[in-house]
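I have placed the structure first, in the form of structure tokens, so that the comments after it can refer back to it.
Here you go:
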């Protein structure tokens, strides 16, 4: 189609100048691209691992990356957690646009600069596929916590500190250390675990990396708060064990001093066994279950308890409690 008269006149004048060329619009510079892979869609209101991975995706966005995310075991999920990621600027792969992690790597791998694998399961399943479909990408493995260490602590708790580790825990340790060596960089949140890895596999590039926790001090005066709370995802065995320990061994000592102090049990996937134990407790217990905004919980509490008898990694419940003051 013919150009508008004023535009045609401008171009004619420009081209009449000696050596003049039409200006060209340069394409925007290419942003580096990252793909983050986990088992499920992270929801920071449910577990600490989700808070960590979301914090790291925010960091990648802040570093200028285009960030994509896929949940290997929740491809059909497109709820609030996925919408929250999209609101951050993360592209979420899910059905019907992608049927598997393998498909996304095959289709998109050549254009990736970084692949972030969260936890041992995704690293075990997809580490080699990342190397095949995205050989140019930097492979970052977020350990989250050492599964073999948690299993070993549970074994020693049950069998005694001197009990030898069974073959399956020794095999898990070998698998985790091998996975760390296979990555370009591994992330841990625990200084203790970083020291263990430095001793076990000094050739590995292991980085001690925090996640962002925003201070949100409780506004209710301390004198107006009365409760003690435990927060955790009860699908995680150490948390369920800790809650039963708190009810059976710790709170009876507290109630012997002051029987009016309430205990608040908060967190997702709270089982019937814990509800029954709470009903049978010799003091006041409120079973709250999942709370989307922990700020409402901290406004009632003077302190939180985390009597974990075994586990690994860094405890998000402790970080959240400190952030609340």
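Numbering (our numbering), first residue to last: 3 to 327. By construction, the Cβ of each residue, glycine as well, lies at the ideal position given by its N, Cα and C atoms.
- Within its own chain, the residues whose Cβ lies closer than 6 Å to the Cβ of residue 222, once the five positions on either side in sequence are excluded, are 301, listed in chain order.
- Per the coordinates, the alpha-carbon of residue 325 lies some 44 Å from the alpha-carbon of residue 29.
- Contact annotation: residue 314 and residue 48 have beta-carbon atoms that are not nearer than 7 Å.
- The beta carbons of residue 126 and residue 177 sit about 7 Å from each other, so the pair counts as a contact at 8 Å.
- Sequence-distant partners of residue 189 (beyond 5 residues in either direction) whose C-beta falls short of 6 Å from its own C-beta, in its chain, are 144, 209, 211.
- Sorting 108, 327, 169, 206 by C-alpha distance to the C-alpha of residue 182 places 206 at the top.
- Two segments are said to touch when three or more pairs of C-beta atoms, one from each, lie closer than 8 Å; by this definition the region 55-66 does not touch the region 5-16.
- The continuous stretches of beta strand (DSSP E) do not include residue 99, and DSSP gives it neither H nor E.
- Counting other Cβ atoms within 10 Å of its Cβ, residue 70 reaches 16 or more and is therefore classed as buried.
- A straight line joining the alpha-carbon of residue 36 with that of residue 168 spans about 38 Å.
- Less than 7 Å separates the beta-carbon of residue 146 from that of residue 51.
- Contact between residue 293 and residue 268 holds: their C-beta atoms lie close to 5 Å from each other, under 8 Å.
- A distance below 7 Å separates the beta carbons of residue 135 and residue 111.
- Counting only unbroken stretches of 3 or more residues, the beta strand (DSSP E) elements lying wholly within the region 249-274 are 265-268, in sequence order.
- Out of 33, 262, 59, 306, the CA that lies nearest to the CA of residue 45 is found in 59.
- Residue pairing of residue 106 in beta bridges, as defined by DSSP: absent, with no partner found.
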